[in-house]
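Reading through the structure tokens given below for one structure.
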Amino acid sequence: MEEKYLKNTHKNLIVYQKSVDLSVSINEYFSSKKMSKVQEFITLQLIRATCSIGANIAEGYGRLYKQNYRQFLSIARGSSFEVACWLEILAKNKWFEKAKVENFIRENIEIIKMLSKMVKTLET
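Once you know that position 22 of the sequence shown is 12 in this note's numbering, the rest is easy, because the numbers rise by one and skip nothing.
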């Protein structure tokens, strides 16, 4: 996509970059696994929620008003908490590599912290 006319976009946000990277990593890891129907359902929910984080950051950034941007960052934060829930379920069921799931959890926590700080900053 040609974006030379835009110097500052959502793509410059570290939290956006991290959310997209997490989404790609999760998609690549879980799409290569053979799963039961239950595992497949949970991982598809995880993938959807992870994709929603970056999508809401991007949509919020494109809004014209600070209040709208904050609202979409808040929605992205909510999606991050949903991701945390799905990852916790996967970790407790011990279906996949423990180290890999724990790494996804750490990355998601970092995204939650960044989004929380951004939402708080925009409240003022």
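The C-beta atom is built at its ideal place from N, Cα and C for all residues, glycine as well.
Would you identify the three-state DSSP class for residue i, choosing helix, strand or coil?
{"i": "K(-3)", "result": "coil"}
{"i": "Y55", "result": "coil"}
{"i": "W85", "result": "coil"}
{"i": "L3", "result": "coil"}
{"i": "T114", "result": "coil"}
Taking all protein chains shown into account, do 16 or more other C-beta atoms lie within 10 angstroms of the C-beta of residue i, making it buried, or fewer, making it exposed?
{"i": "E97", "result": "buried"}
{"i": "R53", "result": "exposed"}
{"i": "C75", "result": "exposed"}
Using 8 Å as the threshold, is the C-beta distance between residue i and residue j below it?
{"i": "I65", "j": "L36", "result": "no"}
{"i": "V73", "j": "A81", "result": "no"}
{"i": "F94", "j": "L77", "result": "yes"}
{"i": "S9", "j": "I43", "result": "yes"}
{"i": "R60", "j": "V14", "result": "no"}
{"i": "I101", "j": "L12", "result": "yes"}
When you compare only the Cα positions, how much space is there between residue i and residue j?
{"i": "K88", "j": "V28", "result": "18 Å"}
{"i": "T(-1)", "j": "K56", "result": "15 Å"}
{"i": "T114", "j": "S69", "result": "23 Å"}
{"i": "V5", "j": "N46", "result": "11 Å"}
{"i": "L3", "j": "A48", "result": "9 Å"}
{"i": "L63", "j": "L112", "result": "10 Å"}
{"i": "S22", "j": "R67", "result": "27 Å"}
{"i": "G50", "j": "W85", "result": "35 Å"}
{"i": "I79", "j": "E18", "result": "19 Å"}
{"i": "K1", "j": "Q7", "result": "7 Å"}
{"i": "K(-3)", "j": "N58", "result": "21 Å"}
{"i": "N83", "j": "C41", "result": "23 Å"}
Tell me, please, whether the CB atom of residue i is closer than 8 Å to any CB atom in chain B?
{"i": "I43", "result": "Absent from the structure is chain B; it holds one protein chain and no more."}
- Which full runs of the alpha helix (DSSP H) of 4+ residues lie inside the stretch 15 to 57, going along the chain? 27 to 52
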